[in-house]
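Notes to accompany the following structure.
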Amino acid sequence: MSGETAAPGRVTIALPSKGALADPTLDFLRSCDLKVAKPNPRQYVATIPALALLDVLFQRVNDIAYKVADGTVDLGITGRDVVEELAGDDDVIVLHDDLGYGDCDLVLAVPEAWIDVETMTDVADIALDFREGRRRNLRVATKFTTLARQFLHAHGIHHFTLVEAEGAIEAAPTLGYADIIVDLSATGTTLRENHLKPVSDGVLLQSTACLVGNARRLREAPEVLDTAHTLLEVFDATLQGQNYYQVSANIRGETPEAVAEKVASHPVTRGLQGPTVASIYSSRTEEGARWYNVTVIVHRKQIMAAVAHFRSIGGTQTTVIPVRYIFMEQSPSYQKLLARLGRGK
1 MSGETAAPGR VTIALPSKGA LADPTLDFLR SCDLKVAKPN PRQYVATIPA
51 LALLDVLFQR VNDIAYKVAD GTVDLGITGR DVVEELAGDD DVIVLHDDLG
101 YGDCDLVLAV PEAWIDVETM TDVADIALDF REGRRRNLRV ATKFTTLARQ
151 FLHAHGIHHF TLVEAEGAIE AAPTLGYADI IVDLSATGTT LRENHLKPVS
201 DGVLLQSTAC LVGNARRLRE APEVLDTAHT LLEVFDATLQ GQNYYQVSAN
251 IRGETPEAVA EKVASHPVTR GLQGPTVASI YSSRTEEGAR WYNVTVIVHR
301 KQIMAAVAHF RSIGGTQTTV IPVRYIFMEQ SPSYQKLLAR LGRGK
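Here is the structure:
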């Protein structure tokens, strides 16, 4: 059953209103030069001035995927865990599955006191013991009933009862209304504080923030697809840019070609598509050689290697500048979306 959709010609995106994804989402959009304008912090609506057709609606993370599914909103940023829990609803399409923040794991955890329980095989044995010895099912507290049920069945565990819980699920075993839990964990600290431990092969899902959209609206409303295209272009370029830096140095040489050959002799300083060499006309050495400025785009993990190579071939005054965006020939995420919608490039 579909809900009310956005006004004709308008596009609505739902963003997290609170919780672990709220501030990081605003920070991420700001890093994309898509700052959210929210005049009144108590309001649940806002705009993104850079995208004139886009309206922002703040919602709970758990509600965003459902509002995208019923068409109340066109697009949304939420956790992949919430989307996977809703898996099977063809009205929800994942447009970008990793926005680079909100990392956490959906894990199955048991009491630390269960010292012999380390794997899912051990959990299966415990479930059988509960069934045969205590004449009851293993009780599992979780908000992710669909994912938990699938995971337990996949590991041969069929005698269990899911206890739907909100709030501090980690306290369920201590309070006595569940035996084990399935919940999100970013660092494991909360689990340890509640005397719980994840089993070694008990990761149901590695979750992160993702962009989702309503399939029907993407197919039928050009403004929704166009907005999704813009977002995906900027998201891909921003995430790609975060991994790279522009490294420049002044190097003496006889010709631009000779300098470029020196620079490209090391794989790191070949950059994304080879070095750029520009003449510096303000000076000439006594030997008649010129100075050239060389620029390469290198991965952030290779900055020091690039600097070291520049130095080894006579480079001086090396500068390093962060890259804001790297726009490729096409947005990979948008091309995947078109394929999902059954449209050509």
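For the record, in the sequence shown the residue sitting at position 313 is 313 according to the working numbering, with numbers rising by one throughout. Glycine included, each C-beta is placed from N, C-alpha and C at the ideal position.
Would you list the residues sitting across from T119 in a DSSP beta bridge?
Its beta-bridge partners do not exist; DSSP assigns none.
Taking a contact to mean a Cβ-Cβ separation below 8 Å, would you say A127 touches I169 in this structure?
no
If you draw a straight line from the C-alpha of I280 to the C-alpha of D201, how long is it?
59 Å
Just mark Q302 as buried or exposed, buried being the case when its beta carbon has 16 or more other beta carbons within 10 Å.
buried
Quick check on this structure: which residue in F144, A113, F160 has the alpha carbon closest to the alpha carbon of E132?
F160
Residues near R149 by beta carbon distance below 7 Å, same chain, minus five either side:
L162
Along the beta strand (DSSP E) that carries L196, what are the first and last residues, could you check?
196-207
Range of the contiguous alpha helix (DSSP H) that encloses T238:
222-241
Measuring straight from C-alpha to C-alpha, what distance separates E85 and L99?
19 Å
How about the region 34-47 and the region 65-84: do they share at least three Cβ pairs that are nearer than 8 Å?
no
I think A306 touches V247, with their Cβ atoms under 8 Å apart; what is that distance to the nearest whole Å?
5 Å
What residues match up with R42 in a beta bridge as DSSP calls it?
According to DSSP, which records beta bridges pairwise, R42 is partnered with nothing at all.
Counting only the same chain and skipping the five closest in sequence on each side, list residues whose C-beta sits under 7 Å from that of R340.
I93
Along the chain, where does the beta strand (DSSP E) that runs through I77 open and close?
75-79
Quick check on this structure: which residue in G271, E257, D81, Q273 has the alpha carbon closest to the alpha carbon of L205?
D81
Just curious, the beta strand (DSSP E) that T318 is in, first and last residue?
316-322
Return the CA-CA distance between A154 and V320, expressed in angstroms with no decimal places.
50 Å
For Q246, name the three-state secondary structure that DSSP assigns.
strand
Between A14 and the rest of its own chain, which residues show a CB-CB distance below 6 Å, the 5 nearest in sequence each way excluded?
L57, Q59, I64, K67, V73, G76
Just tell me which of Y244, Y177, A22 has its CA closest to the CA of V268.
Y244
What does a CB cutoff of less than 6 Å around R270 pick up in its chain, not counting 5 residues either side in sequence?
A264
In three-state terms, what does DSSP make of P332?
helix
Please identify the residue among S17, T146, A69 whose C-alpha is closest to the C-alpha of A46.
S17
Roughly how many angstroms lie between the CA atoms of E220 and T174, to the nearest whole one?
51 Å
Where does the unbroken alpha helix (DSSP H) through P16 begin, and where does it stop?
Counting along the chain, P16 falls outside any alpha helix (DSSP H), though it belongs to the beta strand (DSSP E) covering 11-16.
Quick one: is T25 buried, meaning 16 or more other Cβ sit within 10 Å of its Cβ, or exposed?
buried
Since L86 is in the beta strand (DSSP E), which residue starts that stretch and which ends it?
It is not in any beta strand (DSSP E) - L86 carries neither H nor E in the DSSP assignment.
Within a Cβ cutoff of 7 Å, which residues of the same chain sit near V323, ignoring the five residues on either side of it in sequence?
G241, Y244, Y245, Q246, I297
Check whether the Cβ atoms of V294 and I251 sit closer than 8 Å, and answer yes or no.
yes
Cβ-based burial, S2 [other Cβ within 10 Å; buried from 16]:
In this predicted model, S2 has a pLDDT of only 49, less than 50, meaning its place in the structure is not dependable; the value taken from the coordinates is given anyway. Looking at its Cβ environment, which holds fewer than 16 other Cβ atoms inside 10 Å, S2 is exposed.
For D27, count neighbouring Cβ atoms within 10 angstroms of its own Cβ and tell me buried if that reaches 16, exposed if not.
exposed
Do you know how far the Cα of L106 is from the Cα of S333?
25 Å
With R30 as the anchor, note down where its alpha helix (DSSP H) starts and where it stops.
22-31
Selection from L232, P275, A20 that minimises the alpha carbon distance to T78
A20
Look up V56 in the DSSP assignment and say whether it is helix, strand or coil.
strand
Which residue or residues does DSSP assign as beta-bridge partners of H153?
In the DSSP output, where bridge partners are listed per residue, H153 has none listed.
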